[in-house]
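In my numbering, the protein residues as written are 306 to 688.
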Ligand SMILES: *Cc1c(COP(=O)(O)O)cnc(C)c1O
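1. For residue 546 and residue 489, I'd like the C-alpha separation in whole angstroms.
2. Is it true that the CB of residue 527 sits closer than 8 Å to the CB of residue 570?
3. Any heavy atom of ligand 1 closer than 7 Å to the beta-carbon of residue 597?
4. Judging by CA-CA distance, which residue of 423, 480 and 432 is the nearest neighbour of residue 389?
5. Helix, strand or coil for residue 332? Go by DSSP, reduced to three states.
6. Among 409, 457, 385 and 397, whose alpha-carbon lies nearest the alpha-carbon of residue 417?
7. What residue range is occupied by the uninterrupted beta strand (DSSP E) comprising residue 541?
8. Taking the alpha carbon of residue 538 as the reference point, which residue from 523, 460, 548 and 532 has its own alpha carbon closest?
9. With residue 603 as the anchor, note down where its beta strand (DSSP E) starts and where it stops.
10. Counting Cβ pairs closer than 8 Å, one from the segment 374–390 and one from the segment 641–656, do we hit at least three?
11. Please tell me whether, using a cut-off of 7 Å, the distance from the CB of residue 501 to the nearest non-hydrogen atom of ligand 1 is below it.
12. What separation, rounded to the nearest whole angstrom, lies between the Cα atoms of residue 274 and residue 558?
13. Quick test of your reading: residue 610 and residue 585, contact by CB under 8 Å. State the CB separation rounded to the nearest angstrom.
14. Measure the CB-CB distance between residue 351 and residue 506 and report whether it falls below 8 Å.
15. Taking 7 Å as the line, does the beta carbon of residue 358 fall inside it for any heavy atom of ligand 1?
16. So is the beta-carbon of residue 497 under 7 Å away from any non-hydrogen atom of ligand 1?
17. Do residue 488 and ligand 1 come close, with the Cβ less than 7 Å from some heavy atom?
18. Let me check one thing: in DSSP terms, what residues is residue 523 bridge-paired to?
19. Relative to the alpha-carbon of residue 550, which residue among 321, 442 and 317 has its alpha-carbon at the smallest distance?
20. Using the Cα positions of residue 400 and residue 643, report the straight-line distance between them to the nearest angstrom.
21. How far does the alpha helix (DSSP H) with residue 665 in it extend, from its first residue to its last?
22. In terms of residue numbering, what span does the beta strand (DSSP E) encompassing residue 454 cover?
23. Given a threshold of 16 other Cβ atoms within 10 Å of its Cβ, counted over all protein chains shown, does residue 738 qualify as buried or as exposed?
24. With DSSP collapsed to three states, give me the class of residue 486.
25. Leaving out five residues on either side along the sequence, give the residues of the same chain with a beta carbon under 8 Å from the beta carbon of residue 563.
26. Can you say whether residue 605 is buried or exposed, counting buried as having 16 or more other CB atoms within 10 angstroms of its CB?
27. If you follow the alpha helix (DSSP H) that residue 360 is in, where does it begin and where does it stop?
28. Less than 8 Å between the C-beta atoms of residue 366 and residue 460, yes or no?
29. Spatial neighbours of residue 339 within its chain, please: C-beta separation below 8 Å, excluding the five flanking residues on both sides.
30. Taking 8 Å as the threshold (beta carbon to beta carbon), is residue 566 in contact with chain B?
31. Between which two residues does the alpha helix (DSSP H) carrying residue 556 extend?
32. Our contact map puts residue 337 next to residue 627 with C-beta atoms below 8 Å; I'd like the distance itself, whole angstroms only.
33. Would you decide whether residue 540 is buried or exposed? Buried here means 16 or more other CB atoms lie within 10 Å of its CB.
34. Within its chain, find whatever has a CB closer than 8 Å to the CB of residue 686; leave out the 5 residues flanking it on each side and keep chain order.
35. Can you list, in chain order, the residues of its chain whose CB lies under 6 Å from that of residue 470, leaving out five sequence neighbours each side?
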C-alpha cells in the first residue's frame, strides 16, 4: 500500500533524539528552546511556544486571546475537528465561514458578508481561525483588513503549511495575524511524533502562552530572589501541554530539511498537475499570492463527467493499493455539531467540495515511480 502521507526519518534524526536521551534534560530543557527559536527565526516570527500537539496549541491560542463563555469563534468548515473544538474547550461557540470553491480556503467575501450580518445582530466573533488548507495560505491580507475593521483577533491554523510562502514572507510570521499554529503529527510536513507550536509577534502573548502550557505557573529570578529558589506562583488556570526535549530534538533535526521537504512536495504537485491533465477531475488551484507547502494534494472528482461516484473512485484506488484519504468532512456536518444546531446545506461550497474530494499520496519520500503507479491506478479506475 502506498499511503497518502508518511514521515521521513533519517539516521541524523535518530542520533539527535538519542543524544537527548543520553543528556540530563528529557523535558523542560534546552532542546525545546532551541527548536522554538529556530522555527521562529525560519518563519520570521518573534516567538515560538512549543506544545504537546496542535490541538493544545489552538486551545491555548484561544485562551491567550481571552476567548471565554459568550464569545464566538469562526473557522472554516473544511478543516479537521480541532480548529472548531478549541472554541468549545473555552466555553465559547464555534461558527463557520464557507470556503472559496477555487482554493477550498475560507472565502474573504463570505467572511465579510457574515461580518456585516453579525454586526447588525450584535454578535461579532472574538477570534477568526482561517485554515491554510492543504498547505496553501488563505487570503490573509483581506482577512487582516476585516480584522481591523470589525475588531476580531486572528489565529492561523497553519497545521498544513509549515514552510509555505505567502506574499513576501513565510506562513507563521504572524504578519497578518495575532498567532499562528503548526502541527507536527507524522502525516504533516515536519514531525515530532506528536507536537505543535504557536507562533507570535507579541512578547506578552508569548508569555501568556508559556504560562498556559504549564499550569499557569510563573517561576522567575525576581520571585526566587524574594522568596527562595523553590518558589513559584500560579497566576492563571493552565494545563500540562508541554512537549518533551526528545520530541523537540527530532523537530529541530527535521527543520534542517524543511526546505527540501517542501521542494519535493512542490515537485510532486507539479508532476501530478501534468500527469492528471485531461482526466475528469480538478487539480488543486493555486493563488498567485503565495506558494503552497503541499501537505495534501486534493483532487476533486467531477462525478458527472467521470460517470462514477467519488466513492467508486476512492474504493477502486484503495483496492489497487493506493492509500487515498478524504479531507475533510465539513465539521458542521458532524453529528456533534448538528446536535448543536447546524443544518445540512448551510455551507454549500464546503459540502460540494467534500462530495468530490480525494487526497492522493503526497509525502517527501514518494518516488516518481510510485507516483506514476498512483496516476496509472487513477486512470484505470476512471477509464
Ligand atoms: C492535524 C491538524 C490539527 C491537529 O493537529 P494535532 O497536532 O494532531 O493536534 C488541527 N488542524 C488541522 C487543520 C490539522 O490538519
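A virtual CB, placed ideally from N, CA and C, is assigned to each residue, including glycine.
Just so we're clear, the structure is a prediction, and the values are computed from it rather than from any experiment.
Taking the definition as stated:
1. Taking the first residue of the chain shown as 1, we reach residue 546 at position 241. Taking the first residue of the chain shown as 1, we reach residue 489 at position 184. One C-alpha to the other measures close to 14 Å.
2. Your numbering for residue 570 matches position 265 in the chain shown. Your numbering for residue 527 matches position 222 in the chain shown. No, the pair does not count as a contact, with Cβ atoms beyond the cut-off.
3. As a first step, residue 597 must be located in the chain shown, where it is residue number 292. Incorrect: residue 597 has no Cβ contact closer than 7 Å to ligand 1.
4. In the chain shown, counting from the first residue as 1, residue 389 sits at position 84. The candidate whose alpha carbon is nearest that of residue 389 is 432.
5. Your numbering for residue 332 matches position 27 in the chain shown. Residue 332 falls in the strand class under three-state DSSP.
6. Here residue 417 refers to the residue found at position 112 when the chain shown is read from its first residue. That would be 457, whose Cα lies nearest to the Cα of residue 417.
7. Taking the first residue of the chain shown as 1, we reach residue 541 at position 236. Segment: none, residue 541 is in no beta strand (DSSP E) and carries neither H nor E.
8. Along the chain shown, one-based indexing puts residue 538 at 233. Comparing Cα positions, the closest option is 523.
9. On the chain shown, position 298 is the one that residue 603 refers to. Taken as a continuous stretch (DSSP letters only), the beta strand (DSSP E) holding residue 603 covers 602–606.
10. yes
11. Along the chain shown, one-based indexing puts residue 501 at 196. Checking every heavy atom of ligand 1 against the Cβ of residue 501, one is found closer than 7 Å.
12. For the chain, the structure presents residues 306 to 688; residue 274 sits outside this window and is missing.
13. Start at 1 with the first residue of the chain shown, and residue 610 comes out as number 305. Start at 1 with the first residue of the chain shown, and residue 585 comes out as number 280. That pair is a contact at about 4 Å.
14. Within the chain shown, the letter at position 46 stands for residue 351. Within the chain shown, the letter at position 201 stands for residue 506. Cβ atoms of residue 351 and residue 506: closer than 8 Å.
15. Position 53 of the chain shown, counted from the start, is the residue given in the question as residue 358. Checking every heavy atom of ligand 1 against the Cβ of residue 358, one is found closer than 7 Å.
16. For the purposes of this step, residue 497 is taken as residue 192 along the chain shown, with counting starting at 1. Checking the Cβ of residue 497 against ligand 1 gives no.
17. Position 183 of the chain shown, counting from 1, holds the residue named residue 488. Because some heavy atom of ligand 1 lies under 7 Å away, the Cβ of residue 488 counts as near it: yes.
18. Translated into positions along the chain shown, residue 523 becomes position 218. The partner list for residue 523 (beta bridge, DSSP) reads 538.
19. Start at 1 with the first residue of the chain shown, and residue 550 comes out as number 245. It is 321 whose Cα lies nearest to the Cα of residue 550.
20. Indexing the chain shown from 1 puts residue 400 at position 95. Indexing the chain shown from 1 puts residue 643 at position 338. Looking at the two C-alpha atoms, the distance is approximately 12 Å.
21. For the purposes of this step, residue 665 is taken as residue 360 along the chain shown, with counting starting at 1. Here residue 665 belongs to no alpha helix (DSSP H); instead the beta strand (DSSP E) covers 662–665.
22. For the purposes of this step, residue 454 is identified with residue 149 of the chain shown, where counting begins at 1. It is not in any beta strand (DSSP E) - residue 454 instead sits in the alpha helix (DSSP H) that spans 445–455.
23. There is no way to answer for residue 738, as the model of the chain reaches only from 306 to 688.
24. As a first step, residue 486 is located in the chain shown; it is residue number 181 there, counting from the start. DSSP places residue 486 in strand when its eight states are reduced to three.
25. Against the chain shown, residue 563 aligns to sequence position 258. Only 347, 467, 468, 494 and 495 meet the Cβ criterion.
26. Within the chain shown, numbered from 1, the residue matching residue 605 stands at position 300. So residue 605 counts as buried.
27. Position 55 of the chain shown, counted from the first residue, corresponds to residue 360. Per DSSP, residue 360 belongs to the alpha helix (DSSP H) from 359–369.
28. Working through the chain shown from its first residue, we reach residue 366 at position 61. Working through the chain shown from its first residue, we reach residue 460 at position 155. For residue 366 and residue 460, yes; Cβs fall inside 8 Å.
29. Looking up residue 339 in the chain shown gives position 34. Excluding residues within five positions, the ones whose Cβ falls inside 8 Å are 553 and 557.
30. In the structure shown, chain B cannot be found, because there is only a single protein chain.
31. Along the chain shown, read from residue 1 onward, the residue named residue 556 stands at position 251. Here the alpha helix (DSSP H) through residue 556 covers 550–560.
32. Counting from one through the chain shown, the residue named residue 337 turns up at place 32. Counting from one through the chain shown, the residue named residue 627 turns up at place 322. At roughly 38 Å, the Cβ-Cβ gap does not stay under 8 Å, so residue 337 and residue 627 are not in contact.
33. Here residue 540 is taken as the residue at index 235 of the chain shown, counted from 1. Residue 540 should be labelled exposed.
34. Here residue 686 corresponds to residue number 381 of the chain shown, with the count starting at 1. Result list for residue 686: 613, 617, 618, 621, 622 and 625, in chain order.
35. Residue numbering aside, residue 470 sits at position 165 when the chain shown is read from its first letter. Result list for residue 470: 595 and 596, in chain order.
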